[in-house]
């Protein structure tokens with residue numbers, strides 16, 4: 107069965123020749139690095155307090171009074187909110203991807219290495235989980251545990267784990283039939299040692315490229331949840347929360363309040379995608 | 215494996231798999247409430263004043279005094295009889311809520327699906343058939359760029375431009391029941407909803423057509439002197455349709471889930487905004503049913519596609535009992 111989440115499918119789309127791809131890759135790494143620096147350095151670098159309300163300066167245009175990107179409907183500095191918002195906006199997807207990768211790799215390796223009915227059961231579970239799109243799983247988790255930062259991330263992780271598990275299983279199944287594995291097993295090395303020391307290092311790079319790609323999707327899904335008011339809660343300056351709060355400014359014509367977080371989200375997601383696609387393309391021949 | 219027995223076996227197998235998935239979904243959706251550490255009553259009551267009537271109602275509703283399997287069996291048989299539970303937020307049966315909200319979402323998702331299919335197939339075919347590599351590359355870049363825009367960002371941008379600045383479309387609600395009013399209110403939401411999947415369908419169409427266009431039987435047909443248009447209609451399209459069709463299930467599920475965001479942005483009173491409201495007000499009965507409806511839509515569409523595939527592509531017929 108095809109997963110309900112379309113983005114976890116690989117449809118070939120290679121744009122541009124080798125040199126433009128190389129430039130794109132470098133730019134993408136730059137954007138991601140910048141976002142990480144913003145997140146870590148926010149308390150030092152941000153020009154204003156991200157929560158400081160200034161009712162005399164609401165919806166100020168970019169450049170007014172030292173507010174480089176303007177202010178929002180409560181007169182808070184947008185640039186500072188973007189920088190502080192990078193913390194939750196990047197940490198959420200990071201947790202989701204780490205948990206999803208841990209779960210997925212463990213399940214996939216177990217299924218491929220054990221085979222038999224273990225494989226049967228795990229494969230059925232993976233197939234079943236494919237019928238839950240990421241956002242639905244996250245919303246459901248929030249309904250159980252209440253809105254916040256962690257619950258949606260765990261929900262996303264559970265929804266993304268099956269795709270990673272399936273890829274891990276496929277790759278390890280291919281590796282298992284290779285001569286070096288048979289040789290090591292024949293030499294009497296224990297199975298678990300062969301798996302962790304010899305097979306995993308060959309299988310992991312391609313699986314981790316999928317994890318990188320999942321990071322971008324998780325970022326969108328978690329921002330979407332915060333936008334719906336189900337994730338990080340206002341007045342915390344999360345990017346999704348900022349988009350949610352931009353609606354009232356937009357009605358008064360202050361489009362920049364919406365544009366800033368929207369552009370940042372798209373830039374970071376596209377950059378992560380470019381990096382993930384490049385890493386995956388490098389390992390593509392393994393899959394065929 | 216062929217013959218009428220094979221066909222029956224194929225159909226029965228698919229239906230059984232679909233039923234199993236739906237059943238497992240109901241089990242997970244129901245039992246998850248009891249997997250949360252602590253008293254399930256506390257989860258259900260969170261943020262509400264626990265009046266004795268409400269506590270009594272919830273105990274009754276979820277059979278909290280019964281053993282787990284009895285609870286589940288009661289709840290499931292209720293579902294099958296059409297008793298979808300009671301919404302403590304809206305103070306009405308979930309069935310009534312769904313009857314009011316589902317048609318609007320179906321309208322929206324159907325509208326978006328039409329846009330996706332018409333534009334996606336057209337753009338994808340254009341990209342595959344064009345002889346200019348620049349047009350092909352341009353389309354590829356454009357569709358990739360569109361897919362990168364999250365639906366809720368697209369919704370906000372459309373709202374700003376076409377409703378705020380230009381004033382062409384209303385910004386809020388779903389209009390009254392008349393067709394034209396619906397069309398006017400749901401056009402922007404449907405476009406916002408379609409953008410992400412448009413790129414996907416266009417790319418799938420492109421790669422599927424390209425693969426067919428260079429296949430041996432098409433080259434032979436062309437070399438026999440058959441016209442390009444004839445070959446495209448009779449030899450290419452039919453084979454290229456299958457990969458595209460296999461995306462129908464994820465399209466339906468994806469659109470239903472994403473419609474939460476779009477409905478929220480445009481204030482459309484559909485099933486998606488119902489889900490968001492219910493999660494916010496911790497109205498678990500509604501969340502359960504909406505989740506099941508979405509998974510059900512996904513499974514049903516996928517099953518229909520699976521059953522249709524052998525009709526379109528005879529080569530799949532022999533593989534009945536896979």
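Chains as they are written, first to last, in our numbering: chain A, 107 to 394; chain B, 215 to 536.
For each residue, glycine too, the CB sits at the ideal point set by N, CA and C.
For residue 251 (chain A), the enclosing alpha helix (DSSP H) covers residues 240-251. If you draw a 10 Å sphere on the C-beta of residue 265 (chain B), you find fewer than 16 other C-beta atoms in it, and that means exposed. Contact between residue 445 (chain B) and residue 436 (chain B) holds: their C-beta atoms lie close to 6 Å from each other, under 8 Å. With respect to chain B, the C-beta atom of residue 132 (chain A) has no partner C-beta closer than 9 Å.
The three-state secondary structure of residue 300 (chain B), taken from DSSP, is strand. Around the C-beta of residue 227 (chain A), fewer than 16 other C-beta atoms lie within 10 Å, and the residue is accordingly described as exposed. Taking 9 Å as the cut-off, the Cβ atoms of residue 259 (chain A) and residue 199 (chain A) count as close. Residue 327 (chain A) and residue 372 (chain A) do not touch by the CB rule: their CB atoms are close to 14 Å apart, not below 8 Å. The residues 241, 244, 245, in chain order, have a CB closer than 8 Å to that of residue 286 (chain B) in the same chain once the five nearest residues on each side in sequence are set aside. Considering only beta carbons, the part of the segment 315-340 of chain A lying closer than 8 Å to chain B consists of 326, 329, 330, 333, 334, 335, 336, in chain order.
The segment 355-368 of chain A and the segment 221-239 of chain B do not touch, with fewer than three beta-carbon pairs separated by less than 8 Å. Check the Cα spacing between residue 403 (chain B) and each of B:483, B:313, B:426, B:282: the tightest is with B:483. Identification of residues in the segment 250-265 of chain A having a C-beta nearer than 8 Å to some C-beta of chain B yields 250, 251, 252, 253, given in sequence order.
Rounded to the nearest angstrom, the gap between the Cα atoms of residue 387 (chain A) and residue 310 (chain A) is 14 Å. Contact with chain B is absent for residue 207 (chain A), since none of that chain's Cβ atoms lies less than 9 Å from the residue's Cβ. Around the CB of residue 443 (chain B), fewer than 16 other CB atoms lie within 10 Å, so the residue is classed as exposed. In the structure shown, the three-state DSSP call for residue 239 (chain B) is helix.
A contact between stretches requires three or more CB pairs, one per stretch, nearer than 8 Å, and the segment 178-192 of chain A meets this requirement with the segment 150-163 of chain A. In this structure, the alpha-carbon of residue 422 (chain B) lies about 12 Å from that of residue 461 (chain B). Under DSSP, residue 183 (chain A) takes part in a beta bridge, and its partners are A:177. Residues 506, 509 of the same chain have their beta carbon placed closer than 7 Å to that of residue 239 (chain B), with the five preceding and five following residues left out of the count. Only those residues of the segment 447-477 of chain B whose C-beta falls short of 8 Å from the nearest C-beta of chain A are listed: 460, 461, 463, 464, 465, 467, 468, 471, 472, 474, 475. Nearest to residue 289 (chain B) by C-alpha distance, out of B:528, B:220, B:502, B:522, is B:502. With respect to residue 245 (chain A), residue 489 (chain B) sits close: the two C-beta atoms are nearer than 9 Å. Contact annotation: residue 370 (chain A) and residue 138 (chain A) have beta-carbon atoms that are not nearer than 9 Å.
By the Cβ neighbour-count rule, residue 391 (chain B) is exposed, with fewer than 16 other Cβ atoms within 10 Å of its own. Within its own chain, the residues whose Cβ lies closer than 7 Å to the Cβ of residue 515 (chain B), once the five positions on either side in sequence are excluded, are 462, 463, 466, listed in chain order. Rounded to the nearest whole angstrom, the C-alpha separation of residue 302 (chain B) and residue 420 (chain B) is 49 Å.
Short of 7 Å from the beta carbon of residue 348 (chain B), and not among the five residues preceding or following it, lies no beta carbon of its own chain. Listed as beta-bridge partners of residue 307 (chain B) by DSSP are B:300.
Among the CB atoms of chain A, one or more fall inside 9 Å of the CB of residue 260 (chain B). Taking 8 Å as the cut-off between beta carbons, none of the residues of the segment 286-305 of chain B comes near chain A. Neighbours of residue 269 (chain A) in chain B, taken as residues whose beta carbon is under 7 Å from its own, are absent, since the nearest beta carbon is some 13 Å off.
Within 8 Å of the CB of residue 226 (chain B), no CB atom of chain A is found; the nearest one sits about 17 Å away. Identification of residues in the segment 164-184 of chain A having a C-beta nearer than 8 Å to some C-beta of chain B yields an empty set. With 16 or more other Cβ atoms inside 10 Å of its own Cβ, residue 426 (chain B) counts as buried.
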